[in-house]
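K.L.:
The numbering of the sequence shown is numbering that gives the first Met the number 0, which starts it at 0 and goes up by one.
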Amino acid sequence: MSKSKPEDHAPKVDLVAAPPLDPGHEYYQGDIKPGVSRRTLLMGGAAAIMAGVAAGQTIAGGGGSAFGPGAADAATITAAAKKKGQTGTIKDVKHVVILMQENRSFDHYYGTLPGVRGFSDKQMLEYPGGGDIFHQPDLSRTDGGHMLPWPLDSADYNAQNAGGLDHSWGGGHTAWNKGTWNNWVAAKSEQTMGYFTKDDIPFHHTLASSFTIADHYHCSLIGPTTPNRLYQWTGMIDPAGTAGGPATDNPADYNPVYSWSTYPERLQAAGVTWKTYANDEVGDDGSHPYVGDYGDNPLWLFQQYHDALASTDPAVKALAINGGLNTGWLPDSGKGLDVTYLLSEFGKDAAANTLPEVSYVVAPYGWCEHPAASPDYGAHYTNAVIQALMSNPDTWASTVLLINYDENDGYFDHMVPPLAEPGTAAEYVDGLPIGYGTRVPLTVVSPWSRGGWVDSQVFDHTSVIRFLETWTGVTESNISAWRRTISGDLTSCFDFTKPDFSIPTAAEVPPMSATQALVAAADADASKPTIREPALGTQKMPVQDAGTAQHRPLPYRQSADVAVNRSTGAVTLTMRNAGTQGVSHQVFPNAWLAFASTPHTIAAGASATYTWNAAALDGKYDFSVYGPDRFLRRFAGTVVSGTHTDVPLPGATATLVTGRKPSLRLALANGGTPQVTYTLTANDFITKTQTVTVRGGRATDVDWPVDEWGYYDVIVTANTGTGFRYRFAGRVE
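1. What are the boundary residues of the alpha helix (DSSP H) that includes P421?
2. Where V705 and H305 are concerned, what is the direct C-alpha to C-alpha distance, given to the nearest angstrom?
3. Taking Cβ positions, are G110 and F118 nearer each other than 7 Å?
4. DSSP three-state label for M389, please.
5. Given this structure, state the Cα-to-Cα distance separating P223 from H166, to the nearest angstrom.
6. Report the three-state DSSP secondary structure of Q190 (helix, strand or coil).
7. When DSSP builds the beta bridges, which residues end up paired with A651?
8. Taking the C-alpha atoms as reference points, what is the distance between T173 and A681?
9. Does the ligand NAP have even one heavy atom less than 6 Å from the beta-carbon of D628?
10. Return the chain-ordered list of same chain residues with a C-beta closer than 7 Å to the C-beta of Q28, the five sequence neighbours on each side being excluded.
11. Is I530 helix, strand or coil by DSSP?
12. Quick check: the region 578-598 against the region 472-488, are at least 3 beta-carbon pairs closer than 8 Å?
13. Taking just the CA atoms, how far does P136 sit from P127?
14. Which runs of the beta strand (DSSP E) fall wholly inside the region 452-516 and span at least 3 residues, in chain order?
15. Would a C-beta distance cut-off of 7 Å place Q231 and V463 closer than the cut-off?
16. Can you give the Cα-Cα distance for P123 and I132, rounded to whole angstroms?
17. Let's test the definition: count the other Cβ atoms within 10 Å of the Cβ of V731 and tell me whether it reaches 16, buried, or not, exposed.
18. Where do the N-terminal and C-terminal ends of the alpha helix (DSSP H) with T225 fall, by residue?
19. Can you give me the Cβ contacts of S448 inside the same chain, cut-off strictly under 6 Å, excluding the 5 residues immediately before and after it?
20. Touch check for the region 407-419 and the region 188-204: three-plus C-beta pairs under 8 Å?
21. Rounded to whole angstroms, what's the CA-CA distance from L418 to S486? Just pull it up for me.
22. In whole angstroms, give me the CA-to-CA distance for A590 and G365.
23. For T398, does the count of other Cβ atoms within 10 angstroms reach 16, so buried, or fall short, so exposed?
24. DSSP three-state call for A613: helix, strand or coil?
25. Going along the chain, which unbroken runs of the beta strand (DSSP E) with 3 or more residues stay wholly within the region 196-270?
26. How is the beta strand (DSSP E) around A569 delimited, first residue to last?
27. Please state whether the Cβ-Cβ distance between A383 and Q159 is less than 7 Å.
28. Name the residue from G536, T652 and E101 whose alpha carbon lies nearest to the alpha carbon of L572.
29. Cα separation between E25 and T339?
30. Which word fits S286, buried or exposed, when buried means at least 16 other C-beta atoms lie within 10 angstroms of its C-beta?
31. In angstroms with no decimal places, state the Cα-to-Cα distance between P355 and T272.
32. Sorted by chain position, which residues of the same chain lie with C-beta nearer than 7 Å to Y795's C-beta, five sequence neighbours on each side aside?
33. List the residues that DSSP assigns as beta-bridge partners of D621.
34. With a cut-off of 8 Å, do at least 3 Cβ pairs link the region 147-156 to the region 202-221?
35. With a 10 Å radius around its C-beta and 16 neighbouring C-beta atoms as the bar for buried, classify M742 as buried or exposed.
36. For the beta strand (DSSP E) containing W168, name the first residue and the last one.
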């Protein structure tokens with residue numbers, strides 16, 4: 000199953016289906032009855048634990064922790080009380096655990112999760128002619144010529160064990176299609192649009208709803224596993240090619256092909272303790288999917304770690320040992336279906352409160368969620384990591400667990416990733432942008448991220464290093480200046496002043512018995528039919544689950560307005576960033592010009608401009624600008640040439656009003672003589688329509704309301720017959 004095989008430069012080599020559990024194994028839960036949903040299985044296990052609590056039993060670690068007697072019930076550490084010596088800052092973190100799983104996109108897993116930018120997103124990229132990014136072109140379809148997201152449906156099909164898709168550098172850039180992201184089906188097949196719901200992956204949704212999920216977290220590179228993991232472990236792929244790069248595809252496993260410095264080396268040099276937890280049996284071998292590390296530990300690929308492994312100096316050799324390298328793989332123990340065995344060393348360290356400051360956890364193939372490895376198996380493995388942390392209240396109360404995914408496999412996501420301007424240092428290889436790639440999930444599990452929050456700040460895998468930088472003070476020089484401008488350091492995912500140190504309940508983190516039942520369900524699914532795309536004429540846009548989520552405050556203060564020059568026909572867009580974090584804006588024409596992205600990077604406190612030459616288009620203009628956290632502006636109309644004012648001349652600008660009653664202040668102007676009647680229509684977040692008449696030569700301010708988290712989306716039209724249509728969407732912090 001080596002990633003050096005030619006076919007792995009598209010998808011990693013896949014298993015058709017994970018081998019079923021032995022019915023005699025201690026984790027086997029018996030036959031899964033037809034019609035019993037995964038949500039029922041998961042909640043059934045949690046309910047049993049909660050019933051035990053109600054009956055006066057002491058339930059450790061969310062119920063069912065398998066990592067020893069060091070656990071305590073939720074009353075051991077109260078939610079309100081701060082532990083002795085707590086500072087209410089990031090300094091209270093003592094351990095960071097990083098679990099990077101494999102190959103799932105955000106929409107593929109969480110498109111239906113309430114409160115996130117999922118399938119109900121109305122600020123998505125729109126295509127000329129009335130389509131949008133959800134309607135992916137599909138010439139094989141006669142029911143509209145497009146493919147919508149469609150449910151994989153674990154209830155009726157073998158969705159859990161569905162295989163992988165192309166996720167190569169070349170295939171990814173084919174889907175990217177010069178920034179238009181309208182070639183997913185051609186590049187990846189119709190399966191790219193498949194998605195799961197809470198009924199399919201209840202553990203994942205429960206965890207996200209109990210803690211904090213980031214819905215603007217992107218993989219770092221448009222491409223496969225290893226390059227994306229290199230970004231998390233080292234901050235780059237060596238785009239200049241001075242130390243073995245640029246790494247844009249998966250090299251052969253375990254061979255030293257790179258030599259640039261890695262972040263763990265910097266940690267070790269600074270005296271920060273760190274360790275890689277990975278099974279040391281077999282390695283990456285498709286016939287032994289439940290042991291080894293699937294070649295997912297990128298430190299094996301660096302010459303300096305091999306040199307350290309060969310050293311007789313214990314101090315030097317420690318680099319390789321901490322990095323998870325070994326001098327020879329052990330044979331398969333036959334215990335790979337026991338996650339507590341696989342994680343026994345991690346579990347012992349967590350229970351004994353001896354975890355290093357930084358831990359990297361690397362799962363075997365069968366547990367890592369890479370298609371065809373099941374999400375249910377991944378849920379059980381992830382749960383075991385969490386239960387290990389909860390087995391010791393002191394460990395739980397001092398640890399941050401980051402659960403992310405290296406890349407999207409070939410699965411669709413509708414969010415347009417940030418894009419650097421051509422020529423940006425360290426961000427292009429052979430004329431193609433390195434990234435950002437597609438959105439992937441990040442769930443932040445800790446006492447400081449509980450309560451069901453959504454964080455919409457832009458992150459990528461270098462943000463994990465940035466968080467470690469902020470926490471340890473150890474910097475990584477490999478991260479490009481552009482990524483430091485655009486990506487945050489994950490600290491917005493936390494509220495360090497309001498920790499909840501209590502051990503999570505079974506409703507927040509279901510017990511091991513519940514995820515064991517999911518594993519059995521995945522095995523039972525192997526007898527179901529193969530997944531099928533929707534029949535012709537049956538497609539429908541998915542509906543996001545009802546409900547809301549709390550939204551973390553962000554460092555963005557974005558605005559954009561246009562100025563119309565009637566003499567030259569120039570329509571100048573000015574994008575401003577009054578926030579403390581840089582943003583990536585992309586301008587797209589909606590008509591008259593070729594559809595393509597024009598990227599603009601706007602540093603904190605800076606601005607950028609874009610000019611549309613309406614004079615060459617009979618005075619017409621229509622373009623949109625997209626940014627993070629639902630920011631969108633669309634400007635359409637006709638430039639009236641000349642100096643006469645005996646015609647209506649509409650105009651509108653927007654200002655963010657902060658304070659106790661935030662709003663979007665719209666300045667509606669009329670530069671002509673005849674009056675103009677504006678119609679303001681809510682497009683999202685609230686329900687409201689308002690008409691405003693502005694006399695010639697006058698202007699009127701309207702404070703447009705925002706929702707409880709500051710979001711707004713309003714369309715402004717004018718009765719001038721010139722196609723005037725402006726749209727303002729985003730957030731007032």
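Note that beta-carbon positions come from the ideal geometry of N, C-alpha and C, so glycine has one too.
P.N.:
Straight from the coordinates:
1. Where P421 is concerned, there is no enclosing alpha helix (DSSP H), given that its DSSP letter is neither H nor E.
2. 56 Å
3. yes
4. helix
5. 5 Å
6. helix
7. L667
8. 36 Å
9. What this structure holds is no ligand at all, so the ligand NAP is not there to describe.
10. Reliability fails at Q28, whose pLDDT of 34 lies under 50, so the model's placement of it is uncertain and the value that follows must be treated cautiously. Excluding sequence neighbours, Q28 sits near Q515, A516 and A519.
11. coil
12. yes
13. 13 Å
14. 452-454
15. yes
16. With the sequence shown as reference, residue 123 is identified as Met, and Pro is not the correct amino acid for it. Approximately 7 Å, taken between the alpha carbons.
17. buried
18. T224 to T233
19. F210, T211, C492 and F493
20. yes
21. 12 Å
22. 48 Å
23. buried
24. helix
25. 211-213
26. A569 to N576
27. no
28. T652
29. Caution applies to E25, whose pLDDT of 32 falls short of 50 and renders its modelled position unreliable; the value that the coordinates give is listed next. Spanning the two alpha carbons is a distance of roughly 12 Å.
30. exposed
31. 5 Å
32. Because the chain is modelled from 0 through 732, residue 795 falls outside the range shown and cannot be assessed.
33. A635
34. no
35. Beyond the ends of the chain as shown, which are 0 and 732, falls residue 742; an answer cannot be given.
36. No beta strand (DSSP E) holds W168; the alpha helix (DSSP H) holding it covers W168 to W175.
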